[in-house]
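386 is the number of the first residue of the sequence shown in the numbering used here; add one for each residue after it.
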Amino acid sequence: MQCRTLEINLLSAYDLQDVRNIFSMKVYATVSIAGIPRTEKRTPVDYHGGVNPAWNFTAKFTLAELAVEQPGVKIAIKLFCKRTLGDRPVGEVQVEVTDLYEAVSKHGGSAILSYPVVTKRRRRRSRSCLIREC
């Protein structure tokens with residue numbers, strides 16, 4: 386079985402919904418293949434960006450050729466606000482792996498892409514999560 390490596394560089398998010406009432410948000414993200422918890426990778430916490438966090442974090446995944454060709458396999462990016470009393474979800478981005486490979490192949494193997502963040506109430510906000518695929 387042939388495998389492919391997917392390298393995702395999670396750059397930043399901007400204009401996120403502020404889930405804190407008093408202090409500024411300290412945001413981190415998890416990146417995984419949706420539905421497979423053992424593939425989860427976590428960015429460092431951005432203590433200074435608030436609602437505009439930046440990470441420049443690289444996550445690598447090895448996928449079977451079928452996962453790349455078959456629709457339904459997704460990359461899940463979940464954003465969280467770090468808190469003393471338990472972390473709070475900020476939003477989520479889910480992208481099909483086939484769509485990522487299509488976008489990257491159009492740009493010669495690397496592309497900077499932006500996706501809307503879906504909030505807890507399943508509203509699509511005009512907020513974006515910037516990802517660079519290699």
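Idealized CB from N, CA, C, for every residue including glycine.
If you're wondering where the values come from, they're calculated on a predicted model, not measured in any experiment.
With a 10 Å radius around its C-beta and 16 neighbouring C-beta atoms as the bar for buried, classify residue i as buried or exposed.
i    : result
F408 : exposed
C388 : exposed
L464 : buried
Do residue j and residue i come within 9 Å of each other at the CB atom, strictly closer than that value?
i    : j    : result
R468 : K411 : yes
R503 : E477 : As written in the sequence, residue 503 is Val, which differs from the Arg given in the question. Going by C-beta atoms, V503 is nearer than 9 Å to E477.
I460 : L498 : no
L470 : L391 : no
L401 : N441 : no
A452 : I393 : no
Could you pull out every residue in the same chain whose Cβ sits closer than 6 Å to the Cβ of residue i, ignoring the five residues on either side in sequence?
i    : result
E425 : T415 and S417
Just list the residues that DSSP pairs residue i with in beta bridges.
i    : result
V478 : I462
I418 : I460
Looking only at its own chain, which residues have a Cβ that is under 7 Å from the Cβ of residue i, when we skip the five neighbours before and after it?
i    : result
P438 : S397, A398, V412 and D431
D404 : Looking at the sequence provided, one finds Val at residue 404 rather than Asp. Hits under 7 Å: M410, C466, R473 and V475.
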